[in-house]
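Down below is the structure, laid out as structure tokens.
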Amino acid sequence: MISGVSGLKKRVVNAINSMIRPSGVQLVRTPDKFEDYIPFAATQAGARAAGLSVGDYIDSRFNVPGSTQDTIDRLAELGVFERPLTRVCEIGPGSGRYLEKVAARCRPERYEIYETAADWRRWLVDEYAVIAQPTDGRTLAATPDTSIDLVHTHKVLNGLEILDICRYFEEMVRVADTHATIVFDILTEACLDEPTLQKWLDSGAGYITSMTAQQFAIDFFTRHGFEHVGSFFATSMPGKTHYQVFRR
0 MISGVSGLKK RVVNAINSMI RPSGVQLVRT PDKFEDYIPF AATQAGARAA
50 GLSVGDYIDS RFNVPGSTQD TIDRLAELGV FERPLTRVCE IGPGSGRYLE
100 KVAARCRPER YEIYETAADW RRWLVDEYAV IAQPTDGRTL AATPDTSIDL
150 VHTHKVLNGL EILDICRYFE EMVRVADTHA TIVFDILTEA CLDEPTLQKW
200 LDSGAGYITS MTAQQFAIDF FTRHGFEHVG SFFATSMPGK THYQVFRR
């Protein structure tokens, strides 16, 4: 997960402690600062205790239940899975909740990931047989030009600075094949209406750092030969995020 949710991390730990406290065991914070991604051990423990997959656990307890599947369904409505997708690249899969559903939907021959969290990265490789590329948090340097059918990322770009978002835009274009699809979500001006903005301010969340104008994204990818297929909103607690789908 290139950028994650510190508030979610705290809720994960609190929820797990509520389940395991009767056993006399409790998760505690170390002297070091929390990392900026969802905690691996705590999330795995919570999922096991709840009898859920990791993705379903995160959705059901800390997001809107079914929100990940809803996103996949909306992407399907926009035709993302209509073409053969044999080579897939995902930026920041984190816990793998989108990876799991995308891989099941398109059955790619090759699935590359760029993930900075070492524990999640190792687990995803073991669990889903994906290829973990060397990750610098800014580029897709290990992926050749025009080699990918689907480039996608979820709940990542909003936590990056604008120039790093633009670097990823450039990299998406570079690795995309001649008929590729690109999927990502950004925090646009439409995500910051007054009530939603107030929710963000009241939450104290510090993991959303950039707003990207939708028209800027459309203009960028159009200049590079992509068609804007469509967009939709998805939940990103405590607000929403704006998905964009482009096709070459």
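Under numbering that gives the first Met the number 0, the residue at position 63 of the sequence shown is numbered 62, and the numbers go up by one with no gaps. Think of the CB as a built atom: it goes at the ideal place given N, C-alpha and C, for glycine as much as any other residue. Note that this is a predicted model, so its numbers are computed, not measured.
Between histidine 223 and arginine 246, the alpha-carbon positions lie close to 11 angstroms from each other. Around the Cβ of threonine 134, a 10 Å sphere holds 16 or more other Cβ atoms; the residue is buried. Taking a contact as a CB-CB distance under 8 angstroms, the pair histidine 241 and alanine 189 counts as one, their CB atoms being some 6 angstroms apart. Secondary structure note for cysteine 88: its beta strand (DSSP E) is the uninterrupted segment 86–90. Out of Ala46, Tyr206, Glu169 and Ala40, the CA that lies nearest to the CA of leucine 159 is found in Tyr206. By the Cβ criterion, the segment 71–80 is not in contact with the segment 115–126, since fewer than three pairs of Cβ atoms, one from each stretch, lie closer than 8 angstroms. In the three-state reduction of the DSSP assignment, glycine 158 falls in the helix class, which pools H, G and I.
Rounded to whole angstroms, the gap between the alpha carbons of alanine 204 and lysine 198 is 10 angstroms. Among the bridge pairs identified by DSSP, histidine 151 is matched with Glu89 and Val182.
CA-to-CA, the gap between alanine 216 and arginine 60 works out to about 32 angstroms. For isoleucine 71, the CB contacts under 6 angstroms within the same chain, skipping 5 residues up- and downstream, are Lys100 in chain order.
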